[in-house]
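Novice:
Numbering (the numbering used here), first residue to last: 1130 to 1266.
1. Using only alpha-carbon positions, find the residue among 1222, 1153 and 1161 that is nearest to residue 1198.
2. With a Cβ-Cβ cutoff of 7 Å, do residue 1156 and residue 1196 count as a contact?
3. Report the rounded CA-to-CA distance for residue 1221 versus residue 1176, giving the unit in angstroms.
4. Kindly indicate which residue of 1159, 1160, 1200 and 1186 has the alpha-carbon position closest to the one of residue 1169.
5. Rounded C-beta distance between residue 1117 and residue 1136? I'm assuming under 8 Å.
6. Under a three-way DSSP split, which group does residue 1230 fall into?
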(Lines of atoms letter the chains of each structure in order from A and count residues from 1; the text may use other names and numbers.)
(Lines give C-alpha, C1' and ligand atoms only; values in the text may rest on other atoms or scores of the structure.)
Protein backbone atom coordinates (compact mmCIF):
# COMPACT_ATOMS: atom_id res chain seq x y z
CA UNK A 1 0.00 0.00 0.00
CA UNK A 2 2.82 2.39 0.92
CA UNK A 3 4.55 1.87 -2.41
CA UNK A 4 1.38 2.86 -4.29
CA UNK A 5 -0.16 5.57 -2.11
CA UNK A 6 3.17 7.20 -1.23
CA UNK A 7 4.01 8.23 -4.80
CA UNK A 8 0.40 9.32 -5.39
CA UNK A 9 0.68 11.61 -2.37
CA UNK A 10 4.26 12.74 -3.14
CA UNK A 11 3.56 13.92 -6.68
CA UNK A 12 1.44 16.98 -5.79
CA UNK A 13 3.31 17.69 -2.53
CA UNK A 14 6.97 17.21 -3.56
CA UNK A 15 6.46 17.45 -7.35
CA UNK A 16 7.99 14.02 -7.89
CA UNK A 17 6.66 10.47 -7.95
CA UNK A 18 9.68 8.78 -6.37
CA UNK A 19 12.48 10.32 -4.29
CA UNK A 20 14.79 7.31 -3.84
CA UNK A 21 14.41 7.88 -0.14
CA UNK A 22 16.16 5.14 1.90
CA UNK A 23 12.89 4.13 3.56
CA UNK A 24 11.08 3.86 0.25
CA UNK A 25 13.91 2.12 -1.55
CA UNK A 26 14.50 -0.46 1.18
CA UNK A 27 10.74 -1.10 1.35
CA UNK A 28 10.66 -1.54 -2.43
CA UNK A 29 13.54 -4.02 -2.25
CA UNK A 30 11.72 -5.95 0.49
CA UNK A 31 8.53 -6.00 -1.59
CA UNK A 32 10.45 -7.23 -4.66
CA UNK A 33 12.07 -9.98 -2.56
CA UNK A 34 8.63 -11.07 -1.40
CA UNK A 35 7.35 -11.03 -4.98
CA UNK A 36 10.28 -13.20 -6.10
CA UNK A 37 9.52 -15.61 -3.25
CA UNK A 38 5.90 -15.93 -4.38
CA UNK A 39 6.97 -16.46 -8.00
CA UNK A 40 9.47 -19.11 -6.90
CA UNK A 41 6.88 -20.97 -4.85
CA UNK A 42 4.34 -20.80 -7.65
CA UNK A 43 6.57 -21.72 -10.58
CA UNK A 44 8.78 -24.52 -9.27
CA UNK A 45 7.40 -28.04 -8.99
CA UNK A 46 6.53 -29.11 -5.46
CA UNK A 47 9.42 -31.09 -3.97
CA UNK A 48 11.45 -31.18 -0.75
CA UNK A 49 14.34 -29.47 -2.57
CA UNK A 50 12.06 -26.64 -3.73
CA UNK A 51 10.71 -26.20 -0.20
CA UNK A 52 14.26 -26.10 1.16
CA UNK A 53 15.39 -23.58 -1.47
CA UNK A 54 12.35 -21.38 -0.76
CA UNK A 55 13.01 -21.54 2.98
CA UNK A 56 16.66 -20.53 2.52
CA UNK A 57 15.62 -17.69 0.21
CA UNK A 58 13.05 -16.49 2.76
CA UNK A 59 15.66 -16.47 5.55
CA UNK A 60 18.09 -14.48 3.38
CA UNK A 61 15.34 -12.07 2.29
CA UNK A 62 14.35 -11.61 5.94
CA UNK A 63 17.68 -9.83 6.46
CA UNK A 64 16.19 -6.81 4.67
CA UNK A 65 13.57 -6.26 7.40
CA UNK A 66 16.04 -4.77 9.93
CA UNK A 67 17.45 -2.62 7.13
CA UNK A 68 13.98 -1.22 6.43
CA UNK A 69 13.43 -0.62 10.14
CA UNK A 70 16.80 1.00 10.86
CA UNK A 71 16.91 3.01 7.62
CA UNK A 72 14.95 5.64 9.54
CA UNK A 73 17.88 6.13 11.90
CA UNK A 74 20.80 5.41 9.57
CA UNK A 75 20.08 7.77 6.68
CA UNK A 76 18.62 11.24 6.39
CA UNK A 77 15.36 11.31 4.59
CA UNK A 78 12.59 13.56 3.36
CA UNK A 79 10.27 11.95 5.89
CA UNK A 80 10.01 13.49 9.35
CA UNK A 81 11.39 11.57 12.33
CA UNK A 82 8.30 10.55 14.29
CA UNK A 83 9.90 8.18 16.80
CA UNK A 84 13.17 9.24 18.38
CA UNK A 85 15.10 8.72 21.60
CA UNK A 86 12.84 11.28 23.29
CA UNK A 87 9.69 9.35 22.44
CA UNK A 88 7.00 9.95 19.85
CA UNK A 89 6.90 13.27 18.07
CA UNK A 90 3.43 13.27 16.50
CA UNK A 91 1.26 16.27 15.86
CA UNK A 92 -2.03 16.17 17.83
CA UNK A 93 -4.03 15.70 14.61
CA UNK A 94 -1.92 12.65 13.76
CA UNK A 95 -2.40 11.21 17.26
CA UNK A 96 -6.18 11.52 16.85
CA UNK A 97 -5.99 9.92 13.42
CA UNK A 98 -3.86 7.08 14.77
CA UNK A 99 -6.25 6.42 17.65
CA UNK A 100 -9.29 6.53 15.36
CA UNK A 101 -7.61 4.12 12.93
CA UNK A 102 -6.68 1.69 15.73
CA UNK A 103 -10.24 1.73 17.05
CA UNK A 104 -11.70 1.27 13.56
CA UNK A 105 -9.42 -1.66 12.72
CA UNK A 106 -10.07 -3.28 16.10
CA UNK A 107 -13.82 -3.06 15.47
CA UNK A 108 -13.35 -4.42 11.95
CA UNK A 109 -11.33 -7.32 13.36
CA UNK A 110 -14.05 -8.05 15.93
CA UNK A 111 -16.73 -8.01 13.22
CA UNK A 112 -14.77 -10.27 10.87
CA UNK A 113 -13.88 -12.62 13.73
CA UNK A 114 -17.52 -12.87 14.75
CA UNK A 115 -18.53 -13.57 11.15
CA UNK A 116 -15.84 -16.25 10.90
CA UNK A 117 -17.08 -17.87 14.11
CA UNK A 118 -20.61 -17.91 12.67
CA UNK A 119 -19.36 -19.64 9.54
CA UNK A 120 -17.47 -22.22 11.58
CA UNK A 121 -20.48 -22.90 13.80
CA UNK A 122 -22.67 -23.33 10.70
CA UNK A 123 -20.12 -25.74 9.21
CA UNK A 124 -20.03 -27.80 12.41
CA UNK A 125 -23.83 -27.86 12.57
CA UNK A 126 -24.02 -29.00 8.93
CA UNK A 127 -21.55 -31.79 9.72
CA UNK A 128 -23.62 -32.85 12.72
CA UNK A 129 -26.84 -32.91 10.68
CA UNK A 130 -25.14 -34.87 7.89
CA UNK A 131 -24.01 -37.48 10.43
CA UNK A 132 -27.56 -37.75 11.79
CA UNK A 133 -28.95 -38.23 8.27
CA UNK A 134 -26.36 -40.87 7.44
CA UNK A 135 -27.11 -42.75 10.67
CA UNK A 136 -30.84 -42.88 9.80
CA UNK A 137 -30.18 -44.48 6.41
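In this text, a Cβ means the ideal position worked out from N, Cα and C, and glycines have one as well.
Specialist: For this structure:
1. 1153
2. no
3. 53 Å
4. 1186
5. Given a span of 1130 to 1266 for the chain in the structure shown, any question on residue 1117 remains unanswerable.
6. Assignment of residue 1230 by DSSP, reduced to helix, strand and coil, places it in the helix class.
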